[in-house]
Every structure is written in C-alpha cells, then in structure tokens.
Amino acid sequence: MNYFELLAVIVILCDVALCAASRLRAMIRAAAVQGAALGLLAFIKPVTWEIVLLSAATIAIKAVLFPWLLNIAREKSKADEPAPYVGYNFSFAICAAMFGVSVWLSHRLDVATTLMAGAFFTVLAGFFVIVSRKSAFSQAIGYLVLEGGVYAFGMAMPNEAPALVELGLLLDVFMAVFIMGIMVYHISREFEHADMAKIAFLSDLEDYD
Amino acid sequence: MTAIADFAAALLLAPLLPGVINRVKAFFAGRRGQSVFQLYYDLRKLLAKGAVYSSASGFVFRLGPVASLAALLAALAVMPAGGHGSLASFDGDIILFAYLLALSRFVTVLAALDTGSSFEGMGASREVFFSALAEPAFFLSLAVLAKKAGAFSFNLIFLSANPVTGTPLLLVLAALFIVFLAENCRIPFDDPNTHLELTMIHEVMVLDHSGPDFALISYGAALKMWLLGAVVVRLALPFGGGTGGAQSPALFLAGIFALAIATGIVESCMARLRLLKVPALLLSASMLAFAAFMVS
Amino acid sequence: MISAAILLPAVAGAAALFGGKALARFLLKATACAHLALVLYMCVFPQRGGYWLALDGAGLLFLVLASVLFAAAAFYAMGYLDHSAAHREAHVLSPLFGTEPQPVFIAFLLFFLASMSFVCASRHLGLMWVALEATTLASVPLICFHKTPRSLEAAWKYLMICSVGIALALLGNFFLTAAVGAREVPLLYDVLRQNAAKLDPLWLKAAFAVTFIGYGTKMGLAPMHTWLPDAHSEAPSLVSALLSGALLNCAFLSMMRVNAVCAAAGLGAFSAKVFLAFGLLSVVVAAALMLRQRDYKRLLAYSSVENMGIIAVAAGAGAPYAAMLHAANHSFTKAALFLLSGNILRRFRSKKIEDVKGLAQALPKTSFLWAAGMLAILGMPPFGIFWSKFLTLKALLGSGGYWAAGLLLFMLAAVFAGVAHPVMEMLRPVEGQSAPEPEKAVFLFPALLLGLCTLLLGVFIPAPVEALLKSAAAALGGG
Chain A
1 MNYFELLAVI VILCDVALCA ASRLRAMIRA AAVQGAALGL LAFIKPVTWE IVLLSAATIA
61 IKAVLFPWLL NIAREKSKAD EPAPYVGYNF SFAICAAMFG VSVWLSHRLD VATTLMAGAF
121 FTVLAGFFVI VSRKSAFSQA IGYLVLEGGV YAFGMAMPNE APALVELGLL LDVFMAVFIM
181 GIMVYHISRE FEHADMAKIA FLSDLEDYD
Chain W
1 MTAIADFAAA LLLAPLLPGV INRVKAFFAG RRGQSVFQLY YDLRKLLAKG AVYSSASGFV
61 FRLGPVASLA ALLAALAVMP AGGHGSLASF DGDIILFAYL LALSRFVTVL AALDTGSSFE
121 GMGASREVFF SALAEPAFFL SLAVLAKKAG AFSFNLIFLS ANPVTGTPLL LVLAALFIVF
181 LAENCRIPFD DPNTHLELTM IHEVMVLDHS GPDFALISYG AALKMWLLGA VVVRLALPFG
241 GGTGGAQSPA LFLAGIFALA IATGIVESCM ARLRLLKVPA LLLSASMLAF AAFMVS
Chain F
1 MISAAILLPA VAGAAALFGG KALARFLLKA TACAHLALVL YMCVFPQRGG YWLALDGAGL
61 LFLVLASVLF AAAAFYAMGY LDHSAAHREA HVLSPLFGTE PQPVFIAFLL FFLASMSFVC
121 ASRHLGLMWV ALEATTLASV PLICFHKTPR SLEAAWKYLM ICSVGIALAL LGNFFLTAAV
181 GAREVPLLYD VLRQNAAKLD PLWLKAAFAV TFIGYGTKMG LAPMHTWLPD AHSEAPSLVS
241 ALLSGALLNC AFLSMMRVNA VCAAAGLGAF SAKVFLAFGL LSVVVAAALM LRQRDYKRLL
301 AYSSVENMGI IAVAAGAGAP YAAMLHAANH SFTKAALFLL SGNILRRFRS KKIEDVKGLA
361 QALPKTSFLW AAGMLAILGM PPFGIFWSKF LTLKALLGSG GYWAAGLLLF MLAAVFAGVA
421 HPVMEMLRPV EGQSAPEPEK AVFLFPALLL GLCTLLLGVF IPAPVEALLK SAAAALGGG
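Below is the structure:
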C-alpha cells in the first residue's frame, strides 16, 4: 500500500469536509488533519535533516498551533457558523466539479499523480471557502488551506526546492495566519461579529458614512 | 453446483442478519435481547395469518411485495453472494443488479402511494429522495470496480487477477458501507425500531401491509441486506484472484456476519442524523467513490 | 553590504518595538537617513551580489525609490505622530504588542522598509516571494493603526486579497520549478534568463499567467485592484504614500523578473499582450471610477491604479525605459500628494471632496503644492510624468498599437476631467473661511522635496539618474 497516496487522499477528503462543514469547529478540525497529512507528506522527498525539520514545523504549526489559536479566537468571539453564501449541499456539487477540474489539470500538465490532483484541488477548495463564506474565520481557514495546496504542489514536484525557501514560506504563512487571527479578534471585538458581508462601509457607489 | 448452494444458503441465512444486529445492539445496551432467530419466528407467524386490504387500494398494492421480492431474488442470481461465483453471469450484470434493486424499491414505493395515505406518501418521498442520493455513490463504486477489472460482471470483478487494493479499496469500502447503511434503512439514516414516528422512512411505507405480504417485505429487506453486504464483504476479504484461489464459503459467512456485527456497533454508537444532514453524508459517500475512481 | 540594507531597518524595528517612545522616534529618523546613505553609496559603488541577494539596475532603482520615499515619510511621521498622539492617545493597537502605539507603529514602518528592500535585493525568486509576502504582513498593522471599523475592514480586505494573490504567485514559482524540470537550474532570475531556452514552454506559460495574476493583485491591476482604494484611503496618509509609491513598485519589479525570463524564452509576444490587456483595463476601470469620485484619498488611490496600468502598458509596448521612468515619477508625485492629503485631512477632518472648501485660504502652502502635484500626476509638462506618458504612447504607436494608443489617450482625458474638477472645487475660495493656520514645515518639506524630484525628472534628467534608469530597463529588458 502506498502511504503517500493514502496521505494525498486524506488531504483531498479534508478539502471535501472543509467545504461541507457547517460548523467552524469542524472546519478547523479538517484543516488541522490536513495540516498533519501535509507535514507527513514532506517525507516523499529524499530524507534530509531539513525535510525532517520542515515536516516537524509544518505539523507543529498547521496541525497544532493554528487550530489551537483559531479555536481560542472562535470561542472568544462566540462565532460558530461559517455563514455561507452557497448552501452546504450545493457546495458538495461544486466540490465534485472542482475535483474533476483538478484531475483534468493534472492530466493536462502530464503529472497525473493523486497528489498533484489533490494539490490543485486543495488550492481550489481554499479559494472556494474564501469566496463562499462570509465569516472572517472561514476566510482565514480558507487561506490556510489554499497555502497548503501550494505546499502540496511543491511536494508533488519531482525536483527539490531549497529547504531554506520552504521554511521562509512556512514562516510567512505562520505570520499571515497569526496576523489574520489578530485581525479577526479585532474585527469581532469592534463589530461583535465576524460576518464580512455585513462589514461593507467602503464602496465607490453608495453614499457612505 | 456450488453457486446453487450459495444461492440456497443466502435464502436460508439472510433472516439471521437482522437478528445478529439486534443482538449486538442489545449487548451494547446491556440487555439480553431477542433471539437471533426472531425474524424466522416472525415470518412463520405472519405467513400463517391472512392479509387485510383497504378498500381504497388496488392491485398495485397487492403486487408490490411480490414484485419487490422477485426483483431481489433475480438480483441474488447475478450476485456472487457466497464464497463462489454467481448463479448467472454476463457482461453488464452489475448494471442489471443495480436496476433490480431500484425496481424492488420502485414497486414498494408504488404500493405505498397506492394506499392513498399521506403518511405513507411522505415515507415514499423520503425513500426516493435518499435513494436518489445514494445511487450515484453506488454506481460510482461499481464504476471503480469495473474500471479496475475491465469488466462489467460481478463474477469477473470479484475473481479478477487485478483486484482493487490500497487507497481506492479503502475509499470504495467506505462509500459502499455508507450505501449499505442507507439502503438498508439503518442508523444513521433511518431507525428501524421507531414505528409511528414522523421521522422514519422505510417503515412508514410498509405500514399498511399485513400478514403474508408483510412477511415477504420483511424477508426481502433481509435479503437486500445480504445482497449489499455481499458486495462489501467480497471486496474487503481476499478471495483469491484468478479462477482458482481460496473460494471459501466459511470466509464469506464470517465476513458477512462480521459486517452485521459492525452495523450493530455503528447503530449502538451513533444517533440518527437530522434529516437535513442525511444528504450531506450520502453526497460524501459519492465523493469518496469519486475520489476512488480518480485514484484507481 | 546588500544585506545591511535589509538588516539595518529590521534590527532597528525590533529595537523600536522594545524601546520607548523617544528611542523609537530617534531610530526612525536615524534609520531612514542611514538607509538612504547606504543605498546611495551602493549606487555609486556597485556591489557584487551573492547567491541569494544581488542588486542589478532594476533592483537598485526601486530600492532608491523606496529609500527616498521612506526618508520623506519618516520625517513626516514625526509631525504625524505628535499630532495623532495629541488627539488619540488612548488607542490600543493590540493586546499582544503592549499598549504604547507609537513604538509599534514605528517598528512596523521599519519592518515595512526592510521587507521592501528585501524584495528589491532578492536574486532568488522564491526568496523574493517570501519578501513580498512579508511586505503585506508588515503593512497590515500600519493600515489599521487607528482600529476604526473602516480601517479594519480595509486592512482585512488588503490582507485577504493580497495574501491569496501572493499565494497564487507562489504556485507560479512552483510552476517555474516544474518548467526547469530535472535540469538543475536554480531559480535565480539572471541564471534563469541565461538558461531560458532550456525551460519547458508550457509550464513557463502557466507560471507566467499565475504569477501575473498573483503579483498583479499586489500591484493593483484591474480587476484585482479592489483592495487598493480601500487600503490606500483608510491608511494613515504617510502609509498610503509608502504603499502607493514604493510597495506597488516592488510588486511590479517581481512581476517583471518573471516576465524577463519569459521574454528570454521566446514568450515575449504572449506576455506583452497580457501586460497590454491588463494595463489598459486598469486605466479604463480607474478612469471610470475617478469620474464621479467623492473622496479625495480614493481619488488618489484610483489614480495609482491608473498609473500602474500605464506602467504595465509601457512594459507591454516594449518600452521598459518609459516604464521605469513612469514608475519613478509616479512614486515621487503620488507620495507627495498622499502626504499633502494628510495635511488636508487634518485640517478639514473629512475625506469627502465636498467638505473641503476654500483650501487655498485655509492652507495656502499645502494648496499650492497640492495643485502642482495634481498637475504633475495628470501629466502636464514640465513635470516628469508628461515625458513618461509621452514615451509610452510613442512606443505604443511605434509597435502598431493604434487602437490601444487611442483608447489610452481617451482615458487619460477622462482622468483629467475626473481629477481637475474636484481639485478646482477644493481650491475655490469661499466666503467666511477662517484665517490660514500656520503650517508646520515638517508637513510640507517632504512633499516639496518629492515634488522637486519629479520636476527635475521632467526638466532635466541628470546623467547618473539616466544611467540608473537605463540599466534598470536593460535589467528587465526584453518585453
């Protein structure tokens, strides 16, 4: 049994769970499981101490630290629903379509591995969650997942990217989600909710104030 | 000859499955529970009774149970629901199998609608809704098997030298297990124990059937469980590839009763899903099968 | 030496974070001056780059721009922080960063400078991505410095849209890795250009498309510009000046790095078309939204979208020199205008054009600079933008893009109408306007100096500057 393929499938299923989740808690959990799977996926590359470090850092940050921070912020702001623009069951259909597109893409680019399709799918799923959910939380989670997809793409590539860049990338993502967390905290404190659809003061068209 | 033996064994042993599930649930609830042979006693009792027909219902209502069971029996003929090959086999029989199951449901639904009762109509509507969602998952799973074996026949698929393994196997098994629970109206989709509740699905449809008709329906339900269970079991357990190999009836029986025990455990551990959540679970089964299709 | 340009502000920023108010203010001024001196030194004595960091002409040009703008903004910040401290002392920036807002603001300004220098000096495309994402992260706390609901919304939009865009650019980087394949070419832009013929064209095309969208988001090209007017109008004015004048350039630089590889690989025709299309679309969208704009900071922000569009058109028309010149001109002019808009905002306490009346009476010196700056940004001679727009149009006509040139001219006329009318409205004297208040030099001189720069570029380009612009154009060359 090919364990990396299994991990890739776990990544894919986490995306599905993410798109269909009707609770922020479930979304955070799906993102965490996915983060752990992504961390283990690093071993698809020839094992060096940098890869071990990358894997450990990914698991520590994506599977432990972020879920923990996001859960704290979620409990503080008492938010629980991702507040979708698109219904959950319809999200499933879109999910299936996106998965089809990713498989097609990976075939088109001549690297038809499960992981490659999964990477594209994860990018698309992250995008979808960002644009189809109103809650600032789910947008932050969507960003995390989107970035996870790009990372998975790097893992699916046969050649090696320098581990220094990978670690810098991880640090950036860490800071990004960290700052997003702080922003969500401020937003939910200022507005007493985190529904970005209701936070729309800035517009060219209407007479705001 | 062995196929006939398998067929006979399925006919004989199918009513044991609900009994086993009930015993497992009783065990988890800390009760002794009814006998595993309870369904046999029920069937004998029901067959001895006469049937009551409402003056509002017509021949469709009488036809329903018989036609339903007939479709299931035909399905059993193409399904290798034992340790060996199936009674009849041709290229494309997996599609026939799926349609026979659908036919059996269709006549049951028609019979339920024929009573003219709004309550049964509601059950029929739910049954159709959920099965419409379960069918893509089932078909996609079958597609995975057919793709891998390069054949549309259960015999060739299950005796293929190139069986589904690894990740796709896990995905298909998960999808098929969800379909198995949904089609057999088990928790988390439907609670077979709750009569006269507004949330139940399958049991609502058959409320008006009595006596021998109801016996046929109960027996048909057990047979359907055996059929769908056989798909899962034949996939999950290593029945040697090629034509030879270990075609062991004992292994199959162990598998199908293990499946019944697993179902009992699931039922003991889970509550029934909210009706609104059911589509999500069935759609995720479809996604599992779809992922398996892409991966395999 | 090159790494010092990054480390200096980064270390100073860290020190400011933990030091007091006085130390932070000192560090801001000292670092701005030291950074500028360092960068000018590197202009005179070119540095040999290493594996990760290197400064070619383009990197150096944008580094100079960032450094000059930062110096101007740093001195403006002294006055701004005094004023803001006098008016809103009680603001809490964040529970995680202590309660004193000034050092935090200064620290993030310095981090912002460090990250922008990092972008300009990166030789490795992966590292450049890391640096560009760092600019986003360093500027978010600056945008929502005051924690008003509107600035929070703007900062969130900025963070989300730019991060997602940049994540796409990262995907582009991986596509580039795929284009390299197993050929063992590192992702260094100059090495990639030399080995461009060996790259897989399909992957390279995909890489360019994704990177263009990603960095184009950050650069503010339509239709990915939606964050820009919000962020630029809600940020404190000196931050807007840096965002518009320095940060957009950094994104453009990153985009051009990838473009140069594509051009070397023979995909120049394809990438030029993409540049032209998005550039023209940006100009059209910006012109449409400027015509009835009621907020003067948003007006400036849309003007940035428009000018980024012109830069992209220049790049697409095969006139990298015009693009470089326009980038420099736009940086100086727009930064000066944003700094001045801060003066107006402080006096009138409103960003609405209709609330600003009798500007010439209330703030005579600011209003003079404001009018001059507006003329400059509209491309009036003798300011530098006139020349860069002229060169762009010339290149466009030279390459046969008559329709594109016509559209561009028409839209520039629309922009003229969109800008001229509100400026006249603001300047028009009204009766009963109170006597002019004394205007502090600290709020005027940075803008004045930046304005003089663009005037200089319009009247007479000194030989060293010309050489720098030319070497920048050559470094990005090709398309």
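Chains as they are written, first to last, in the numbering used here: chain A, 1 to 209; chain W, 1 to 296; chain F, 1 to 479.
Just so it is clear, CB atoms sit at the ideal spot from N, CA and C, and this is done for glycine as well.
Predicted model only: the values in this text are computed from it and were never measured.
Can you look up W:D208 in the DSSP assignment and give me helix, strand or coil?
It is coil, neither helix nor strand.
Which residue from W:T2, W:L100 and W:V20 puts its Cα closest to that of W:A222?
Per the Cα distances, W:V20.
Between A:M214 and chain F, is any beta-carbon pair separated by less than 8 Å?
Here chain A has residues from 1 to 209 only, and residue 214 of chain A is not among them.
Check the C-beta distance from F:F70 over to F:L340 and give it rounded, since I have them as a contact under 8 Å.
That belief does not hold up - the Cβ atoms of F:F70 and F:L340 are roughly 17 Å apart, past 8 Å.
Among residues of its own chain, excluding the 5 on either side of W:I256, which ones have a beta-carbon nearer than 6 Å to its beta-carbon?
Once the five neighbours on either side are set aside, the close Cβ partners of W:I256 are G229 and V233.
Hey, would you say F:L427 sits closer than 8 Å to F:I377, going by beta carbons?
For F:L427 and F:I377, no; Cβs fall outside 8 Å.
Less than 8 Å separating the beta-carbons of F:A207 and F:G172?
Yes, the Cβ-Cβ distance between F:A207 and F:G172 is below 8 Å.
Write down every uninterrupted run of the alpha helix (DSSP H) in the segment 398-440 of chain F whose length is 4 residues or greater and which is fully enclosed by it, in chain order.
402-427, all fully within the segment 398-440 of chain F.
Assess contact between the segment 389-398 of chain F and the segment 347-363 of chain F, defined as three or more Cβ pairs (one per stretch) separated by less than 8 Å. Is contact present?
The answer is no - the segment 347-363 of chain F does not touch the segment 389-398 of chain F, with fewer than three Cβ pairs under 8 Å.
Output, in chain order, the set of chain W residues within a Cβ distance shorter than 9 Å of A:L13.
L171, S284, M287, L288 and A291, listed in chain order.
Roughly how many angstroms lie between the CA atoms of F:G458 and F:V465, to the nearest whole one?
Roughly 12 Å separates the two Cα atoms.
Kindly indicate which three-state DSSP category F:K29 falls into: helix, strand or coil?
Reduced to three states, the DSSP call for F:K29 is helix.
How many angstroms separate the CA atom of F:L137 from the CA atom of F:W403?
Looking at the two C-alpha atoms, the distance is approximately 40 Å.
Excluding the 5 residues preceding and the 5 following A:Y88 in the sequence, name in chain order all residues of the same chain whose CB lies nearer than 6 Å to its CB.
If we look at A:Y88 and ignore the five residues flanking it on each side, its Cβ neighbours are A20 and S22.
When we look at the beta-carbon of A:M183 and count the other beta-carbons within 10 Å, is it buried (16 or more) or exposed?
So A:M183 ends up on the buried side.
Tell me which residues share the same chain as A:A30 and place their Cβ nearer than 7 Å to its Cβ, disregarding the 5 neighbours each side in the sequence.
Excluding positions up to five away in sequence, the list reads C14, A17, L18 and A21.
Let me see if you follow: with CB-CB separation under 8 Å, is A:E190 close to chain F or not?
A:E190 counts as touching chain F.
Taking 8 Å as the CB-CB limit, is F:A562 close to chain A?
The structure shown does not extend to residue 562 of chain F, since chain F is modelled only from 1 through 479, so no value can be given for it.
If you run the structure through DSSP and keep just helix, strand and coil, what is F:H330?
Here F:H330 sits in helix by DSSP.
Using a Cβ-Cβ cut-off of less than 7 Å, give me the residues of the segment 156-173 of chain F that come near chain A, in sequence order.
Listed by position along the chain: W156, L159, M160, S163, V164, A167, L170 and L171.
Can you find the residues in the same chain that come closer than 7 Å, C-beta to C-beta, to F:F97, ignoring five residues on each side of it along the sequence?
With a pLDDT of only 40 at F:F97, under the threshold of 50, the placement of this residue in the model should not be trusted, and no figure is reported.
Anything in the segment 144-155 of chain F with a Cβ closer than 9 Å to a Cβ of chain A? List those residues in chain order, please.
Under the 9 Å Cβ criterion, the segment 144-155 of chain F contributes C144, K147, T148, P149, R150, L152, E153, A154 and A155.
Mind listing the chain W neighbours of A:E5? Cutoff is C-beta to C-beta under 8 Å, in chain order.
What A:E5 touches in chain W: G166, T167 and V295.
Determine which residues share a DSSP beta bridge with F:H124 and list them.
DSSP output for F:H124 lists F:L188 as bridge partner(s).
Determine, using beta carbons only, whether W:V164 and W:L235 come nearer to each other than 8 Å.
Yes, the pair counts as a contact, with Cβ atoms nearer than the cut-off.
Please compile the residues from chain F whose C-beta is within a distance smaller than 9 Å of the C-beta of A:M157.
Result: F174, T177 and A178.
For A:W104, is the classification buried or exposed, using 16 other Cβ atoms within 10 angstroms of its Cβ as the cut-off for buried?
Answer is exposed; the Cβ neighbour count stays below 16.
Using a C-beta cutoff of 8 Å, does W:A280 count as contacting chain A?
Yes, contact with chain A.
Just the C-alpha distance for A:M155 and A:I44, rounded to the nearest angstrom, thanks.
Distance between the alpha carbons of A:M155 and A:I44: 7 Å.
Mapping DSSP to helix, strand and coil, what is A:D195?
Strand.
So if I threshold CB-CB distances at 9 Å, which residues from the segment 72-91 of chain A count as touching chain W?
The segment 72-91 of chain A vs chain W, Cβ under 9 Å: Y88 and N89.
Compile a chain-ordered list of the residues in the segment 47-67 of chain F whose CB is closer than 7 Å to at least one CB of chain A.
Cβ contacts with chain A: none found.
Is W:S68 closer than 8 Å to W:V309 when the C-beta atoms are compared?
Chain W is shown only over 1 to 296; residue 309 of chain W falls outside these bounds and no answer can be derived.
May I ask you to verify whether the segment 414-434 of chain F touches the segment 356-365 of chain F, counting CB pairs closer than 8 Å and requiring at least 3?
Output reads yes: the segment 356-365 of chain F touches the segment 414-434 of chain F.
Thinking just about the alpha-carbon of each residue, which of A:R189, A:F90 and A:F121 is nearest to the one in W:M294?
Among A:R189, A:F90 and A:F121, the Cα nearest to that of W:M294 is on A:F121.
If F:I166 and F:G214 are in contact, beta carbons under 8 Å, what's the gap, nearest whole angstrom?
Contact flag correct, Cβ pair sits at about 6 Å.
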